[in-house]
Amino acid sequence: AQAVLAQVFLFVAIPCTMSDLSFVFNIHIVPVHASKGQAATLLTAPILTGTPWTGTTRLGSKANSSGINLSTLSAVLALAACAPSRQRKLGPKLHSAAVGVGPRDTSLRSGSIVQDSAFALRSICGTRTEPYEHSELQTEGTCPSGASVSAVSAAGFKGRASSVNQDCVGVRSHTDGRWVACVLDGHGTEGHLVAARVSTTLPRLIAEALLQSSGDVPAALKAAFAEAERDLEEAAEREGFDVETSGCAAAAVALSPDTGKAYLISCGDCQAAVFDSTPDGAFEVTCPHKAHDPAENQRIRAAGGFIDVRSDVQGLFSRVYPPSRQFGLAMSRSFGDLCVKRHGVLAEPSVMDLPLSEDSCFVVGSDGLFEFITPAEVVNELRTRWPAHGGTICAEALVSEARERWLREDGSYCDDVTCLLLRVGQGAFRADSSGESAHGSPRLGLLD
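Just so you know, the sequence shown maps onto residues 617 to 1064 in the working numbering.
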């Protein structure tokens, strides 16, 4: 029989369990040893006999009502396995102008300031656990007197018997009174590796930036994020993990006794807030970076990115896609995610600076915490409960409430949820403070 070329383009949105990501597989199938009728029957029958796809919605959300048949999905994946594969390549170096990162700040060097760290806390990220299980914490040194640090990070429920918590926590205090507290939220198949790497470098780089700012602390903090991004890509190339379609969001609090200010820093959809204990008092919170925000939208479109904006009961929702439309990111800034870094996504944070007082309280959380609980609700609960019950009980209660709302609103999916609370008193800012720390159960990720 004469060879006939039949080409079929299948565009299938595969539901996945990572709510910040979506993938579109373009499957090109070219049979050459079949008649025209045979080829059409072979290629279309398994697809058309299944229940049709009823819509692509926010992954992991209650609006996800895909009607694709499992047999259809199996057939599509089987056909995909026959398609020519492309070798995955890392993106351009992060010091390239193509991704919008400025020249390397050579003043941010490892080892020069690390020695004055008085206390450090870090969660064990990326371990496969039962759903809702809390990550273990590692601590070094003694928590300064007058300070309270509480962290709870719980794995979500992603449709499987076990789950990998892709959230990470990193905290550092220094003998001169500097504090840095970070939450990283990974996404993608290897997002936990991205978050784990950034959680080891970013707190140190932020602490160094507070000393080497030459008066412009926000610029120094942005340079610290750029350095962390460079380190991440270099580590990924060296160690072989993915930063092309894996990445992480970040939020941090940085306290500087030299400037008397607190800095709220965010990159992506993690958030940080500061408030005082005064009932009904004001509070400040960072805003998540989303592609439907006008400034973010303009930058991404100018760089050739495609933005899909939709609305649901929660409001607007958007994803950033490269021109190929094969990967979608639910935020406009992040670490990693190189396939959209070439099209307007940045690793540059937003920075807020605020006066620091002895009454300042801070909360940093992943988007799993704030998805269905507003920052105002979080602050009100903490104002009411923190003085009476302590940070540990408050962090556990907020994580539990977030999980219940995820399951009530979504039903079949719960994101990883992390809540980090920090409060420092006057004693925590004395350079000679020896302090004491009380350790709770490491299973609960507790330190007060």
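Quick reminder that beta carbons are idealized off the backbone N, C-alpha and C, glycines included.
Model, not experiment: these values are computed from the prediction.
Rounded Cβ spacing between residue i and residue j (contact assumed at less than 8 Å)
i, j, result
"Q782", "H750", "So it is not a contact: roughly 14 Å between Cβ atoms."
"L972", "G876", "6 Å"
"V810", "C886", "That belief does not hold up - the Cβ atoms of V810 and C886 are roughly 13 Å apart, past 8 Å."
"I916", "S948", "6 Å"
"F773", "Y1029", "7 Å"
"D1026", "S893", "Contact flag wrong, Cβ pair sits at about 33 Å."
"H959", "A919", "5 Å"
"H808", "G742", "3 Å"
"C798", "A878", "Rounded, the Cβ-Cβ distance is 14 Å, inconsistent with contact."
"F922", "P895", "Not confirmed; about 46 Å, so no contact."
"L1023", "F978", "Wrong, their Cβ atoms sit about 28 Å apart, outside the cutoff."
"H908", "L932", "5 Å"
Neighbourhood of residue i by C-beta distance below 7 Å, restricted to the same chain and skipping five residues each side
i, result
"T805", "D858, S862"
"V1040", "G762, A763, W795, L871"
"G897", "F891"
"G952", "V810, L848, V859, S862, G863, C864"
"E1017", "I989"
"L821", "L724, A840, E843, A844"
"V814", "L800, A844, L848, C864, A866, F951"
"G856", "none"
"V995", "A889, F891, F899"
"P747", "A771, G772, F773, S779"
"T745", "A771, S778, S779, N781"
Same chain, Cβ closer than 8 Å to residue i, five either side skipped, listed in chain order
i, result
"D924", "S934, R935, Y937, G944"
"K838", "E964, P965, V967"
Those residues which DSSP pairs with residue i across a bridge
i, result
"S798", "Position check: residue 798 holds Cys in this sequence, whereas Ser was assumed. In the DSSP output, where bridge partners are listed per residue, C798 has G786, A868."
"I881", "A868, V967"
"A736", "E756, R788"
"L1037", "S766, V979"
"Q930", "DSSP lists no partner for Q930."
"Y937", "F922"
"T745", "S779"
"C1030", "F773"
"V901", "A889"
"G863", "H803, G952"
"H750", "A770"
Contacting residues, own chain, Cβ-Cβ under 6 Å from residue i (five flanking each side not counted)
i, result
"L664", "Confidence is the limiting factor: at L664 the pLDDT is only 27, short of 50, which leaves the residue's position unreliable and the question unanswerable from this model."
"R1021", "F988"
"V1015", "V768, A770, V1033, C1035"
"L710", "Low per-residue confidence applies at L710: pLDDT is 39, beneath 50, and the placement is therefore not dependable, though the value from the model is reported in the following sentence. Same-chain partners within the cutoff: V717, E845, R846, E849."
"E561", "There is no way to answer for residue 561, as the model of the chain reaches only from 617 to 1064."
"A852", "V859"
"R1001", "C1010"
At which residue ranges does the region 942-979 contain complete alpha helix (DSSP H) runs of 4 or more residues, listed in the order of the chain?
954-957
For the 8 Å Cβ check, are there 3 or more pairs between the region 832-852 and the region 784-795?
no
Would the region 1022-1035 and the region 975-985 be scored as touching if the rule is three or more Cβ pairs under 8 Å?
yes
Under 8 Å: do the region 1006-1013 and the region 901-916 share three or more Cβ pairs, one atom per stretch?
no
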